[in-house]
Amino acid sequence: MSSAIINGKEIGQEIRKSIAERVQLLKEQGVTPGLAVILVGNNPASQTYVRNKQKSCEAIGIFSELIQLPEDVTEEELLVQIRSLNHRNDIHGILVQLPLPKHIDEDKVIATISPDKDVDGFSPVSVGKMMLGQETYLPCTPFGVMKLLEYSGIDIAGKHAVVVGRSHIVGKPMGQLLLQKDATVTYTHSKTPDLPSITKQADILIAAVGRANFITKEHVKPGAVVIDVGINRDDHNKLTGDVDFKAVDGIASHITPVPGGVGPMTITMLLYNTVQSAENTLVQDK
Ligand SMILES: Nc1nc(=O)c2c([nH]1)NC[C@@H]1CN(c3ccc(C(=O)N[C@@H](CCC(=O)O)C(=O)O)cc3)C=[N+]21
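Each residue of the sequence shown is one higher than the one before, counting from 262 in this note's numbering.
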């Protein structure tokens with residue numbers, strides 16, 4: 262029997278409907294949510310993502326502004342742009358598309374984004390609040406995975422969740438959000454010996470390694486829920502996940518496809534955070 266497919270495109274659409282309703286309510290109160298996206302250089306993959314983000318904003322009535330800066334822009338010029346966006350009342354969310362060119366200090370850039378507008382949830386303040394379980398903007402990809410699990414009716418409490426990968430933007434926060442929902446969490450990474458012996462214990466397996474088809478049959482316990490966060494492009498520019506879908510299909514109880522799994526949820530939660538930020542300005546004004 263094949264595994265149940267968790268359809269991120271569909272779940273994302275459903276959530277976007279309710280976000281669109283919140284946008285309408287905001288507009289009735291005179292507020293149009295606004296997202297600024299800063300794109301440095303002309304990496305074609307980044308340009309595609311940014312275009313997708315803008316289209317998604319447009320579709321639900323969020324104003325989006327693209328700020329394109331040349332590859333050789335100075336760090337200070339980038340910081341100046343961010344500071345100016347921090348002060349603008351029509352901008353509720355600021356996203357600096359990563360990765361940045363090597364001459365720019367990514368940490369410094371992210372720390373310059375006002376925590377009130379950090380809809381990526383990457384800033385030190387946001388990360389700290391998340392760790393403490395305080396209200397904040399959650400990083401879009403792990404947040405999207407939590408929504409996928411919720412909408413698919415998958416219980417988390419008491420389950421063994423194994424996260425493969427420990428990046429600041431996916432692996433680390435992913436484990437934290439699962440822990441907050443009472444999973445028993447194991448982090449694994451490139452230095453983990455005998456990876457399959459650990460991933461095989463997972464009730465929920467999160468693949469966030471960044472290597473195409475890395476997770477295969479030997480890594481997966483029968484009946485496990487497998488979430489594929491990978492977005493790898495092959496030589497023909499075809500998108501593939503970190504999971505060898507064909508090998509794992511039929512072993513896992515549930516699996517997310519790539520494309521159409523986690524990716525659309527990442528954008529959905531970016532829209533969600535942006536609208537949340539716009540709503541927060543109304544509460545503060547009262
Ligand atoms: N500051 C920052 N925030 C990010 O959230 C961020 C970033 N930088 N840099 C790059 C990564 C990558 N990322 C994706 C978002 C959506 C899809 C997505 O929608 N994927 C579609 C397919 C799209 C296609 O076909 O190319 C899918 O999986 O179905 C993919 C990748 C956000 N990122």
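Heads up, the beta-carbon is just placed ideally off N, CA and C, and yes, glycines get one too.
Close beta carbons around residue i, own chain, < 8 Å, minus the five adjacent residues each side
{"i": "Arg-494", "result": "Ala-306, Leu-500, Thr-501"}
{"i": "Gln-358", "result": "Val-298, Ile-299, Leu-300, Val-301, Ser-307, Tyr-310, Val-311"}
{"i": "Asp-366", "result": "Glu-336"}
{"i": "Ile-343", "result": "Ile-299, Ile-355, Val-357, Val-370, Thr-373, Ile-374"}
{"i": "Gly-394", "result": "Gln-441"}
Any non-hydrogen atom of ligand 1 closer than 7 Å to residue i Cβ
{"i": "Pro-376", "result": "no"}
{"i": "Leu-356", "result": "yes"}
{"i": "Ile-528", "result": "yes"}
{"i": "Gly-302", "result": "no"}
{"i": "Thr-309", "result": "yes"}
{"i": "Asp-368", "result": "no"}
{"i": "Cys-318", "result": "no"}
{"i": "Ile-276", "result": "no"}
{"i": "Pro-403", "result": "no"}
{"i": "Ile-492", "result": "yes"}
{"i": "Gly-295", "result": "no"}
{"i": "Gly-484", "result": "no"}
{"i": "Asn-347", "result": "no"}
{"i": "Pro-305", "result": "no"}
{"i": "Asp-503", "result": "no"}
{"i": "Pro-525", "result": "yes"}
{"i": "Gly-432", "result": "no"}
{"i": "Asp-381", "result": "yes"}
{"i": "Asn-313", "result": "yes"}
{"i": "Leu-359", "result": "yes"}
{"i": "Leu-340", "result": "no"}
{"i": "Gly-426", "result": "no"}
{"i": "Gly-471", "result": "no"}
{"i": "Pro-520", "result": "yes"}
{"i": "Leu-330", "result": "no"}
{"i": "Leu-500", "result": "yes"}
Own chain partners of residue i with C-beta closer than 6 Å, once the 5 adjacent residues on each side are dropped
{"i": "Val-386", "result": "Pro-376"}
{"i": "Gly-382", "result": "Tyr-398, Leu-399, Pro-400"}
{"i": "Leu-330", "result": "Val-301"}
{"i": "Ala-473", "result": "Asn-493, Thr-501"}
{"i": "Ile-465", "result": "Lys-420, Ala-422, Val-486"}
Cβ-Cβ distance between residue i and residue j below 8 Å
{"i": "Ala-372", "j": "Gly-322", "result": "no"}
{"i": "Asp-503", "j": "Gly-491", "result": "yes"}
{"i": "Ile-528", "j": "Lys-314", "result": "yes"}
{"i": "Thr-517", "j": "Ile-476", "result": "no"}
{"i": "Leu-327", "j": "Val-370", "result": "no"}
{"i": "Leu-286", "j": "Cys-318", "result": "no"}
{"i": "Lys-420", "j": "Ala-444", "result": "yes"}
{"i": "Gly-432", "j": "Tyr-448", "result": "yes"}
{"i": "Leu-439", "j": "Ile-417", "result": "yes"}
{"i": "Lys-378", "j": "Ser-538", "result": "yes"}
{"i": "Tyr-412", "j": "Ile-272", "result": "yes"}
{"i": "Arg-277", "j": "Glu-540", "result": "no"}
{"i": "Pro-294", "j": "Val-544", "result": "no"}
{"i": "Val-380", "j": "Leu-531", "result": "yes"}
Whole-number beta carbon distance between residue j and residue i, since they are thought to touch under 8 Å
{"i": "Asn-534", "j": "Gly-269", "result": "Asn-534 to Gly-269, Cβ: 17 Å. No contact."}
{"i": "Val-486", "j": "Ile-415", "result": "6 Å"}
{"i": "Met-526", "j": "Lys-408", "result": "6 Å"}
{"i": "Ala-422", "j": "Val-446", "result": "5 Å"}
{"i": "Tyr-362", "j": "Glu-332", "result": "Note that residue 362 is Pro in the sequence shown here, rather than Tyr. Yes, they are in contact, since the Cβ atoms of Pro-362 and Glu-332 sit about 6 Å apart, within 8 Å."}
{"i": "Phe-324", "j": "Asp-351", "result": "7 Å"}
{"i": "Glu-479", "j": "Pro-454", "result": "Actually they do not touch by this definition, with Cβ atoms about 15 Å apart."}
Beta-carbon contacts of residue i that lie in its chain and below 7 Å, excluding the five residues immediately before and after
{"i": "Met-435", "result": "Pro-403, Val-406, Val-424, Ile-467, Ala-469"}
{"i": "Ala-513", "result": "Ser-264, Val-481, Ala-485, Val-486, Val-487"}
{"i": "Ile-430", "result": "Phe-383, Pro-400, Thr-402"}
{"i": "Gln-437", "result": "Met-391, Met-392"}
{"i": "Val-334", "result": "Val-301"}
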